[in-house]
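Novice:
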Amino acid sequence: MRKKVKEISPVIDEVVSEINQIPLEQQQKEIAEKYPELLQVEEKKPEQNVLPPLKNTEGKNIVTRFPPAPNGYPHIGHAKAAIISEEYAKMYEGKIILRFEDTNPGTERLEYYAAIKVGMDWLGIKFNDEQHVSDDIPLLYQKAEQLINSNDAYVCTCKQDDISKDRREMRSCKCTTLNLEENQKRWKNMFNEKGYKEGQALLRFRGDMKSGNTTMRDPALFRINEKHHARLEQKYKVWPTYDFSGIILDSLNDVTHAMRSKEFELRKELHNTILQKLGMRIPEFLFFGRLELVGMPVSKSALKPLIENGKIPWYDDPRLPTLEGLRRRGIRPEAVRKFILSLGLTKNDTNSPFDALESFNRKIIDHDSIRLNLIKNPKKLSITNLPTNSIELSNHPTVDLGKRIVEIGENILLSEEDMNDISVNDEIRLMSLGNVKITETGSKFTGEYIDDELKGNVKKIQWISEDNAHEIKIIIPKQLFIDEKFNEESLQTLKVFTESHYLKLKDNDEIQFIRFGYCRKESSHQAIFTHK
RNA sequence: GCUCCUGUAGUGUAGUCCGGCCAAGCAUAUUGCCCUCUCAAGGCAGUGACCCGGGUUCAAAUCCCGGCGGGAGCACCA
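Residue numbers (the working numbering): 4 to 535.
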């Protein structure tokens, strides 16, 4: 069709001009009679934000899981994995398990287990079960022995560098040729207090050293780690790796659909093979891309140095995409959920600007954020002829959030930026109060009350009575990194005046300072700027 | 280097498996208008995209081949 455009277009022109000669009314009538379906206004497609259906769900009780390693504070990336898993569990009326993957003593801390639970709680995720891999170690030993006995695993005592080199060069080491008895002996020796030390032996899966998939090249299943474990202290010496424990527990706990980020995708083949060798059930795997926010890294390698050299006080800093950071900033968990669902289950790595989250959040907080006036760099204005000394202000323009009464004293405070270009005889509107004609400018302004009539061309500005002013500090988080570089100006503070009504609000309340932006009250003297 | 994944408007995505209803949907950003005693929320409208090159086909965002870009794995981390 497209190739023949040149031939067709004269014909089209002819038909169109023919139709155009028919009066519009008649055209409409004719269409209504002959093709009424054309006049139906197409319904706007609703916003989706629904995850695609899962495969292979027939006749199954769907079980998903969220498997964090308790080795750091939870962030937006954890939220993605957890929320997607929970949404699927809900979609199929199934279950979701929280499983702490704590099999690397020395990296885990009780504090992290707690922080993850607090974060999940904040997100509103309810788990049907909570497990620790560290509670299932004996079971994992059993499975390991099964693999040893079937000659699908062997104990390797090569040096780490040699193993690495062999894997790269697709070469088996001499430990692979050991017989069953020798392997069993070595395995026992891994547990023996006087046996192998850390780094001297590991149980490897017999995969395929020639495989193009590097994870198949005889990966480690168990290694010796004598460090103190956060929960179990010195209870075990031999610990499983993720490649082994994760998949065994998924299978054993009836996980039907296991979701993980894309970096684990190569391991699917390995995990399937291990389960096959053990004759165990294989779950479905789903993979999704990493989630990052522009200029807000989540990796420990990016964050740790900043904390160590004091550029950021702690992981709850409102510039960070940690769950605690987001919470302090005033981001609502519902906004995080909507945001994450809006990203879908793509395998693309997403690097979303904070604006996207912000927009979801604004819609949520707007209707319960009371409006207060805020003044930066105050300028005094005294007004003559004011007809009243107190006024009732509405807490929200469209939602009933109550009203407050404000006393008006001798002086009114106005923001310098609003008064910069004001000269004598100019008229300004003090919002809700009335129109004032300026009679004197300079370091102090004076003015005369005119009337209360709303006039389109008069500048409307917010104000605070000096007697009613309360000074607070606002912390303004900005983008942490700009073009891979730490933004030295990423945290700004502003001393401002707001109404004393601020003191009556609860901590954590969200406020919209008029013509300034949304802030979360942190204390009677400090608020954090959420977003505009 | 090898292997795998991925590439749709400024940004984030839907659609890709099973080619036509996609001259491409939604959100966000942006512009304009309406509403409004906020530069909020809400309503309406506009701008704006299938990485490139071949091929298959009546028909390709969708299938095939080849480039190029981005990410990941090659840990005794998860």
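Where is the CB? At the ideal position from N, CA and C, for every residue including glycine.
Beta strand (DSSP E) containing E272: first to last residue?
Specialist: No beta strand (DSSP E) contains E272, which is instead part of the alpha helix (DSSP H) from 270–281.
Novice: Pick helix, strand or coil for S264, following the three-state DSSP scheme.
Specialist: S264 falls in the strand class under three-state DSSP.
Novice: So, helix, strand or coil for Y157, using DSSP?
Specialist: Three-state DSSP puts Y157 in a strand.
Novice: In this structure, how does DSSP classify G505 when only helix, strand and coil are distinguished?
Specialist: One point to set straight first is that residue 505 is Tyr, not Gly, in the sequence displayed. Y505: helix per DSSP, three-state reduction.
Novice: Tell me the DSSP secondary structure of K535 in three-state form.
Specialist: Residue state, collapsed to three classes: coil.
Novice: Does the distance from the C-beta atom of M283 to that of S248 stay below 8 Å?
Specialist: No.
Novice: How is M212 classed by DSSP in three states: helix, strand or coil?
Specialist: If DSSP states are grouped into helix, strand and coil, M212 belongs with coil.
Novice: Can you look up R207 in the DSSP assignment and give me helix, strand or coil?
Specialist: Correct three-state label for R207: strand.
Novice: Using beta-carbon positions only, say whether I517 and Q465 come within less than 8 Å of one another.
Specialist: Cβ distance < 8 Å, so I517 and Q465 count as in contact.
Novice: Check this for me: beta carbons of L396 and S435, under 8 Å apart or not?
Specialist: The answer is yes: Cβ separation under 8 Å.
Novice: Excluding the 5 residues flanking L54 on each side, which residues of the same chain have their C-beta closer than 6 Å to its C-beta?
Specialist: Here the set comprises E90, L348.
Novice: Suppose the cutoff is 6 Å on Cβ atoms and the five residues either side in sequence are ignored; what does the same chain contact list for H504 look like?
Specialist: The answer, listed in chain order, is R407.
Novice: So if DSSP puts P381 in a beta bridge, which residue, or which two residues, is it bridged to?
Specialist: DSSP lists S418 as partners of P381.
Novice: I'd like to know whether the C-beta atoms of S468 and I411 end up nearer to each other than 8 Å.
Specialist: Yes, Cβ-Cβ distance for S468 and I411 is below 8 Å.
Novice: Are L384 and I415 close, meaning C-beta to C-beta below 8 Å?
Specialist: Yes, these two residues count as a Cβ contact at 8 Å.
Novice: Pairing CB atoms from the segment 223–243 with CB atoms from the segment 185–203, are three or more of them under 8 Å?
Specialist: With the cut-off at 8 Å, the segment 223–243 and the segment 185–203 touch.
Novice: Would the segment 101–121 count as touching the segment 304–315 if we require 3 or more Cβ pairs under 8 Å?
Specialist: These segments do not touch.
Novice: Please say whether P381 and L532 have beta carbons closer to each other than 8 Å?
Specialist: Looking at the sequence itself, residue 532 is Phe, so the reference to Leu does not match. No.
Novice: Give me the Cβ distance between R207 and A223, rounded to the nearest whole Å; I'm assuming they're in contact under 8 Å.
Specialist: Indeed, because the Cβ distance is near 6 Å, the residues count as touching under 8 Å.
Novice: Between V301 and the rest of its own chain, which residues show a CB-CB distance below 7 Å, the 5 nearest in sequence each way excluded?
Specialist: Correct list, in chain order: H78, I79, G80, E295, P324.
Novice: What does F489 pair with, by DSSP beta-bridge criteria?
Specialist: Answer is F484.
Novice: Between F448, I475, L346, V439, which lies nearest to L375 when the distance is taken from Cα to Cα?
Specialist: Residue I475 is the option with its Cα nearest to L375.
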